[in-house]
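K.L.:
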Amino acid sequence: MALITWDDTLSVNIKKIDEQHKKLIGLLNSLYDAMLTGKSKETLGTVLNELVNYTVYHFTTEEEYMLKYDFPADKYEFHVKEHNEFKAKAADLVSRFETSSAILSLEVFNYLRDWVKNHVMDTDKQYQDFLNQQGVF
Ligand SMILES: [Fe+2]
Ligand SMILES: [Fe+2]
């Protein structure tokens with residue numbers, strides 16, 4: 081069973097970003113599935129690294145959009161702060177995973193699911209109207 085199912089409530093009405101969110105959710109679901117089906121530490125590590133790397137790439141895409149279209153500085157800084165806090169958490173998760181793969185617990189998956197949903201639905205949606213009004217869809 082998928083940890084998160086993408087639906088329209090997660091859309092920010094910008095095609096490239098929606099596609100990236102779908103891919104991100106797909107990777108998170110793959111990691112969840114790999115954990116549930118007892119895949120090897122090596123496999124889990126590969127998917128975890130792919131997820132973290134893609135997340136960093138995705139954050140960069142959003143930050144570039146906000147800079148390119150002059151998103152208000154205070155809102156930009158707030159958004160980047162959330163990204164950076166999550167990157168720090170993800171780096172910590174990866175380093176703890178290297179010591180013990182048991183760290184990929186249901187609790188961790190619940191945290192990841194809630195963070196992604198809340199960030200997309202609250203913080204990411206804050207640039208939606210601003211970018212749409214400038215013709216970015
Ligand atoms: Fe996002
Ligand atoms: Fe974001």
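In our numbering, the protein residues as written are 81 to 217. For glycine and all other residues, C-beta sits at the position ideal for the given N, C-alpha and C.
#1: Mind checking whether the beta-carbon of D194 lies closer than 7 Å to any heavy atom of ligand 1?
#2: Which residue marks the beginning of the alpha helix (DSSP H) containing I94, and which one marks its end?
#3: Restricting to runs no shorter than 4 residues, where is the alpha helix (DSSP H) found entirely within the segment 119-172?
#4: I believe Y207 touches Y145 by the beta-carbon criterion, under 8 Å. Please report the beta-carbon distance rounded to the nearest angstrom.
#5: Kindly indicate the opening and closing residues of the alpha helix (DSSP H) around L192.
#6: Might you give, ordered along the chain, the residues of its own chain that have their beta carbon closer than 7 Å to the beta carbon of E130, omitting 5 neighbours on each side?
#7: Buried or exposed for Q214, please, with buried defined as at least 16 other CB atoms from any protein chain shown within 10 angstroms of its CB.
#8: Let me check you understand the geometry: is the CB of H159 closer than 7 Å to at least one non-hydrogen atom of ligand 1?
#9: At a cut-off of 7 Å, would you count D204 as near ligand 1, judging by its Cβ distance to the nearest heavy atom?
#10: DSSP on M81, reduced to helix/strand/coil?
#11: Is there contact here, the segment 194-211 with the segment 149-164, by at least three beta-carbon pairs under 8 Å?
#12: Does the structure place the segment 118-125 close enough to the segment 173-183 that three or more beta carbon pairs sit under 8 Å?
#13: Does DSSP put T77 in a helix, in a strand, or in coil?
P.N.:
Short version:
#1: no
#2: Segment: none, I94 is in no alpha helix (DSSP H) and carries neither H nor E.
#3: 121-148
#4: 7 Å
#5: L186 to N198
#6: L107
#7: exposed
#8: no
#9: yes
#10: coil
#11: yes
#12: yes
#13: What the structure shows of the chain is the stretch from 81 to 217, and residue 77 is not part of that stretch, so it cannot be assessed.
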